[in-house]
Structure formats: structure tokens, C-alpha cells
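Let me begin by presenting the structure, written as C-alpha cells, before commenting on it.
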Amino acid sequence: MKQVVASVEEVVTVLKLLGDKTRLTIMALLDNNDCCVCELVEVFQISQPAISQHLRKLKDAGLVKETRKAQWIFYSMNKEHEMYSLIKDILAHIPDQQEKLEELEKKGTKISCE
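Residue 90 in UniProt numbering sits at position 90 of the sequence shown, with consecutive numbering throughout.
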């Protein structure tokens, strides 16, 4: 992957967004999964408006993208974003978050919005 040199302001924007524990964890989950808001509400045990607010900030910065499937909107990491390599480097320094979604499946609370 080609290393992109970004402006200091662009890097600061990404670091500020990922400086929030919930947003950092959302990005880790979205790196390997497409998730809908309802799944993230279950993972974080916080309100739907709070999750939507975090996703809006990430989407406004171009870090996540959305795909509509019927009436549901699924979010995924925007791997085309110029800061993707920086985000991947940051995510490499935190524990894998995949078990959060696997735990929902085990408990039978993973929501299928399809």
C-alpha cells in the first residue's frame, strides 16, 4: 500500500475522531464487518442516537461509508480513504474487537437486519 503524506490538519482530524474510545472501537469492528446501528447498540449498550452520532462524525470525515440494504443501512470502513493506512496502524495497537460481535452471536442477541 502506497504511503500517502497528508497535512497535519488531516492527521489531527483523524486522531481526534479516533481519540474517542467508542469511535475507535467502532472503527475496529467495521474494519472486518459491515454493521448496522442496531448491532452497534447491542455491542456498546448505549442508545441508538448516541451510536448514530458517532457514525455521523465518522461518515462526515469520510472514514466510514454506508450501504443501504432494503430499509437497513450498513456501515463499513472506507478502505479507500487516504488515511486508511494510518487507521490500520492505529488499530494494530489495540486488541481485536471481533469477539464483541461473536459474543452477541453466542448470546443470541446478534441482530440480523437483512
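In this text, a Cβ means the ideal position worked out from N, Cα and C, and glycines have one as well. Just so you know, these numbers come straight off a predicted model, no measurement behind them.
May I ask whether a heavy atom of the ligand MN can be found less than 7 angstroms away from the beta carbon of residue i?
{"i": "N78", "result": "The ligand MN is absent from the structure shown, which contains no ligands of any kind."}
Going by C-alpha distance, which of the options is nearest residue i?
{"i": "V37", "options": "E80, K107, L101", "result": "L101"}
{"i": "M77", "options": "A50, L30, L18, V11", "result": "L30"}
{"i": "Q97", "options": "V11, V5, L24, G19", "result": "L24"}
{"i": "Y75", "options": "N32, V5, M83, L18", "result": "N32"}
{"i": "H54", "options": "V12, L18, E105", "result": "L18"}
{"i": "V11", "options": "E82, L104, I26", "result": "E82"}
{"i": "G62", "options": "D20, S52, I46, Y84", "result": "Y84"}
Quick one: is residue i buried, meaning 16 or more other Cβ sit within 10 Å of its Cβ, or exposed?
{"i": "V64", "result": "buried"}
{"i": "A92", "result": "exposed"}
{"i": "E99", "result": "exposed"}
{"i": "E39", "result": "buried"}
With C-beta atoms as the reference, is residue i less than 8 angstroms away from residue j?
{"i": "V14", "j": "I87", "result": "yes"}
{"i": "I73", "j": "E80", "result": "no"}
Report the rounded CA-to-CA distance for residue i versus residue j, giving the unit in angstroms.
{"i": "K107", "j": "V43", "result": "12 angstroms"}
{"i": "I90", "j": "A70", "result": "33 angstroms"}
{"i": "V41", "j": "T22", "result": "11 angstroms"}
{"i": "residue 126", "j": "I26", "result": "Outside the shown range of the chain (1 to 114) lies residue 126, about which nothing can therefore be said."}
{"i": "V5", "j": "K16", "result": "18 angstroms"}
{"i": "Q48", "j": "L104", "result": "17 angstroms"}
{"i": "D20", "j": "K57", "result": "11 angstroms"}
Since residue i and residue j should fall inside the 8 angstroms C-beta cutoff, what is the C-beta to C-beta distance between them, to a whole number of angstroms?
{"i": "A28", "j": "I94", "result": "6 angstroms"}
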